[in-house]
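*Asks:*
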Amino acid sequence: MNVPIRARLTALYFVVLTVSFAVFVWVSDFGFRRSIEATVNDASRTNLESVQRLLARTASQGDAEARDALARLAEVWPNGALFEVADAQGNWIYRPARFLQAHPALPLASDRNISSFTTNLDYLQYRVALQRVEAGGRVFEIHAAVPTEPFDQALDHFRLIEKETLPLLVFLASLVGYWLSGRSLAPVNRIIETAESIGVQNLSRRLEVPKARDELRRLTETLNAMLGRIDTSVQRITQFTADASHDLRTPVAVVRATAEITLRRPRTAGEYRDALSRILETSVEASELLENLLTLARADAGAAAMDMRLVDLSAYVRKAKERAVVLSADKTLHFTARMPVDPVWVRADAIAIDRLLLILVDNAVKYTPAGGRCEIELSQDRGQADITVRDTGIGISEGDLASIFERFVRADRARSRETPGAGLGLAIARWITEMHGGTIAVESKVGSGSVFRVRLPAAPSAVTLVV
Ligand code: ADP
């Protein structure tokens, strides 16, 4: 439904108010009528009692005396109230003309209890109370009537006031509701306007935070925080794309230049071989770079699925050491591996773990000059599996340590040296570790070497399961 919130809120106010007022009218009308009934009944009973008391005093003195006394009482009778008295045979002792004209034959009281009913006397409505009483040894019938007119008028008045004021009140309250909802929704409109103006070009812009500490303020702050995260991600992606294109341009340019220069004039077979091997070497570097870029792009997209299985890390550490020996074949490096006798089980993706260890040992070999020492160690400690790769290489300066796991970050010394690499290995290593619920840390000192520690949650149950 395409109805604005403001209109919906106002309609809701209107309906709620109308229903509340209708209930109020019904309840108050009912209460009013009940209260009129009680008042009128009380009044007619009180009147009955007055007549009864008078009869008790005068009945023994004869009917004439009683009639006189009753007539005197009628003169001081409260507004419009009437009474009539008959003896047990139905002969009227006292009966005002009004009663007679209007109602020649009122029903008789059947017992000593008071009975009441409403009737029209002379076009006016009366509440009549009937009672048979004993006074001066005789039985009398008393009818006392109280006009309900004044009460009915009050009720009519009340109803009229309700009829005239309540619809107006509902209307005014709905108007106020409309204005109030407009006022409270105004910040939402401002948020919408600003949000509409934010695009990739001005992601640093933020929504204006309302002063009141309410839900809208929380919403704005949440949206601003979200914008901040999107901004950072977009910046990272932009930076990543720029760095990736830059790093890819170099090998492509090398391949192209090598081919162009070689083709300028006829070459000897040896020159062609040299050119081709340079092209091959550069293409291998470029495809490794592409492979790494693809891994990180998949990681960002959350599309890289890990195939978690129980694996024994010892086997992978052993394999990594063998590779390191091959990698350091043209350098005289002393590479050792240390691991416990028992298997170290973790829940991991075998290919990812292989890659993680290769990155670390490859770096250790790359950044350790000939004659140095490297070591990979595996150990298990209180539910954790630790892989430590140590080297006595060039080390990393304190300034570079903090950013070494970021993408495309290479320490100054690595950049200045002719070591291949694009600064993606450790970013991938960190991502793999985190995907396994582990941590990776580095300690290093320029000139003395580096220590990389990977800590993964061990799978203790596997020991009993597999052994
Ligand atoms: P790459 O090795 O391709 O440059 P990495 O992400 O693997 O990228 O490493 C980032 C940087 O961290 C390297 O360029 C290097 O400066 C530094 N680094 C990594 N491992 C070592 C190490 N064992 N010794 C010294 N520096 C290292």
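Here the sequence shown stands for residues 487 to 953, numbered as in the numbering used here. A virtual CB, placed ideally from N, CA and C, is assigned to each residue, including glycine. Fair warning: this is a prediction, and the values are worked out from it, not measured in the lab.
(1) Mind checking HIS922: buried by the 16 CB within 10 Å criterion, or exposed?
(2) For ALA790, tell me which candidate among GLY566, GLU920, SER719 has the shortest Cα-Cα distance.
(3) Between LEU844 and the rest of its own chain, which residues show a CB-CB distance below 8 Å, the 5 nearest in sequence each way excluded?
(4) Who are the near neighbours of VAL949 in its chain, counting only those whose CB is closer than 7 Å to its CB and skipping five residues on each side?
(5) Hey, is GLY885 close to the ligand GDP, as in C-beta under 7 Å from one of its heavy atoms?
(6) Comparing the CB of LYS852 with every heavy atom of the ligand ADP, is any distance shorter than 7 Å?
(7) Give the straight-line distance between the Cα atoms of LEU655 and VAL511, rounded to the nearest whole angstrom.
(8) Using only alpha-carbon positions, find the residue among THR651, GLU694, ARG613 that is nearest to PRO633.
(9) Could you check whether the Cβ of VAL720 sits closer than 8 Å to any Cβ belonging to chain B?
(10) Identify the continuous alpha helix (DSSP H) that holds GLU767 and give its terminal residues.
(11) Go through the stretch 814-885 residue by residue and report every complete run of the alpha helix (DSSP H) that reaches 4 residues or more, in order.
(12) Please classify HIS643: is it buried, with 16 or more other beta-carbons within 10 angstroms of its beta-carbon, or exposed?
(13) To the nearest angstrom, report how far apart THR748 and ALA761 are at their CA atoms.
(14) How about LEU559 and ALA552: are their beta carbons less than 8 Å apart?
(15) Got a sec, what are the start and stop residues for the beta strand (DSSP E) SER889 sits in?
(16) Got a sec: does the ligand ADP put a non-hydrogen atom nearer than 7 Å to the Cβ of ALA711?
(17) Using the DSSP secondary-structure output, state which residues sit across from ASN606 in a beta bridge.
(18) Is it the case that the CB of ARG704 approaches a heavy atom of the ligand ADP more closely than 7 Å?
(19) Classify PRO490 as buried or exposed, calling it buried when 16 or more other Cβ atoms lie within 10 Å of its own Cβ.
(20) If you draw a straight line from the C-alpha of LEU641 to the C-alpha of ASN565, how long is it?
(21) Scan the stretch 654-707 and note each continuous beta strand (DSSP E) run of 3 residues or more that stays entirely inside, going in chain order.
(22) For GLN870, which residues in the same chain have their Cβ closer than 8 Å to its Cβ, ignoring the five residues on either side in sequence?
(23) Is any heavy atom of the ligand ADP found at a distance shorter than 7 Å from the C-beta of VAL830?
(24) Return helix, strand or coil for GLY935, following the three-state DSSP convention.
(25) Report the rounded CA-to-CA distance for THR724 versus VAL928, giving the unit in angstroms.
(26) If you reduce the DSSP assignment to three classes, tell me which class ASP798 lands in.
(27) Roughly how many angstroms separate the alpha carbons of ARG804 and ASP840, rounded to a whole number?
(28) Just to confirm, does ALA913 get its C-beta within under 7 Å of one of the non-hydrogen atoms of the ligand ADP?
(29) So does the stretch 733-744 actually touch the stretch 765-773, counting three or more Cβ pairs closer than 8 Å?
(30) Taking the C-alpha atoms as reference points, what is the distance between TYR664 and ILE678?
(31) Could you pull the DSSP bridge partners for GLU746 from this structure?
(32) Taking the CB atoms as reference points, tell me whether ASP573 and ARG520 lie closer together than 8 Å.
(33) I'd like to know whether the C-beta atoms of LEU813 and ALA772 end up nearer to each other than 8 Å.
(34) To the nearest angstrom, how far is the alpha carbon of GLY933 from that of TYR853?
(35) Three or more C-beta pairs under 8 Å: does that hold for the stretch 681-691 against the stretch 715-729?
(36) Does the stretch 602-619 touch the stretch 500-508, meaning 3 or more C-beta pairs lie closer than 8 Å?
*Replies:* Taking the structure as given:
(1) For this step, residue 922 is matched to residue 436 along the sequence shown. So HIS922 ends up on the buried side.
(2) Walking along the sequence shown from the start, residue 790 turns up at place 304. Minimum Cα distance to ALA790 is reached at GLU920.
(3) On the sequence shown, position 358 is the one that residue 844 refers to. The residues are ALA806, ARG809.
(4) Within the sequence shown, numbered from 1, the residue matching residue 949 stands at position 463. The predicted model places VAL949 with a pLDDT of 47, which falls under 50 and marks its position as unreliable, so this point remains unresolved.
(5) For the structure depicted, the ligand GDP is absent and the ligand set comprises only the ligand ADP.
(6) As a working mapping, residue 852 is identified with position 366 in the sequence shown. Yes - the ligand ADP has a heavy atom lying nearer than 7 Å to the Cβ of LYS852.
(7) For the purposes of this step, residue 655 is taken as residue 169 along the sequence shown, with counting starting at 1. For the purposes of this step, residue 511 is taken as residue 25 along the sequence shown, with counting starting at 1. Rounded to whole angstroms, LEU655 to VAL511 spans 13 Å at the Cα level.
(8) The residue you call residue 633 lines up with position 147 of the sequence shown. Closest option to PRO633, Cα to Cα, is ARG613.
(9) The chain inventory of the structure shown lacks chain B, comprising one protein chain alone.
(10) Here residue 767 corresponds to residue number 281 of the sequence shown, with the count starting at 1. Where GLU767 is concerned, the enclosing alpha helix (DSSP H) stretches over 755-787.
(11) 836-852
(12) Mapped onto the sequence shown, residue 643 falls at position 157. By the 10 Å Cβ count, HIS643 comes out exposed.
(13) Working through the sequence shown from its first residue, we reach residue 748 at position 262. Working through the sequence shown from its first residue, we reach residue 761 at position 275. When rounded, the distance between both Cα atoms is 7 Å.
(14) Mapped onto the sequence shown, residue 559 falls at position 73. Mapped onto the sequence shown, residue 552 falls at position 66. Contact: no.
(15) As a working note, residue 889 is residue 403 in the sequence shown. Element bounds for SER889: n/a, residue is neither H nor E.
(16) Position 225 of the sequence shown holds residue 711. No - the ligand ADP has no heavy atom lying nearer than 7 Å to the Cβ of ALA711.
(17) Here residue 606 refers to the residue found at position 120 of the sequence shown. According to DSSP, which records beta bridges pairwise, ASN606 is partnered with GLN611.
(18) Residue numbering aside, residue 704 sits at position 218 when the sequence shown is read from its first letter. Answer for ARG704: no, Cβ out of range of the ligand ADP.
(19) Stepping through the sequence shown from its first residue, residue 490 is reached at position 4. PRO490 comes out exposed.
(20) The residue labelled residue 641 in the question sits at position 155 within the sequence shown. The residue labelled residue 565 in the question sits at position 79 within the sequence shown. If I take the Cα positions, the gap works out to 18 Å.
(21) none
(22) Position 384 of the sequence shown, counted from the first residue, corresponds to residue 870. Closer than 8 Å at Cβ, skipping near neighbours: ARG941, LEU942, PRO943, ALA944.
(23) As a position in the sequence shown, residue 830 is number 344, starting the count at 1. Because no heavy atom of the ligand ADP lies under 7 Å away, the Cβ of VAL830 does not count as near it: no.
(24) Locating residue 935 in the sequence shown gives position 449, counting from the first residue. Correct three-state label for GLY935: strand.
(25) Position 238 of the sequence shown, counting from 1, holds the residue named residue 724. Position 442 of the sequence shown, counting from 1, holds the residue named residue 928. Rounded to whole angstroms, THR724 to VAL928 spans 28 Å at the Cα level.
(26) Position 312 of the sequence shown, counted from the first residue, corresponds to residue 798. In the structure shown, ASP798 sits in a strand (DSSP, three-state: E or B).
(27) By 1-based counting over the sequence shown, the position of residue 804 is 318. By 1-based counting over the sequence shown, the position of residue 840 is 354. Between ARG804 and ASP840, the C-alpha separation is close to 11 Å.
(28) Numbered from its first residue, the sequence shown carries residue 913 at position 427. Correct: ALA913 has its Cβ closer than 7 Å to the ligand ADP.
(29) yes
(30) Position 178 of the sequence shown, counted from the start, is the residue given in the question as residue 664. Position 192 of the sequence shown, counted from the start, is the residue given in the question as residue 678. Near 20 Å, if we compare the C-alpha coordinates of ILE678 and TYR664.
(31) Taking the first residue of the sequence shown as 1, we reach residue 746 at position 260. In the DSSP output, where bridge partners are listed per residue, GLU746 has none listed.
(32) Working through the sequence shown from its first residue, we reach residue 573 at position 87. Working through the sequence shown from its first residue, we reach residue 520 at position 34. In this structure, ARG520 does not lie closer than 8 Å to ASP573 by Cβ.
(33) If you number the sequence shown from 1, residue 813 lands on position 327. If you number the sequence shown from 1, residue 772 lands on position 286. It is not a contact, given that the beta carbons lie outside the stated cut-off.
(34) Residue 933 sits at position 447 when you count from the first residue of the sequence shown. Residue 853 sits at position 367 when you count from the first residue of the sequence shown. The straight-line gap from Cα to Cα measures roughly 11 Å.
(35) yes
(36) no
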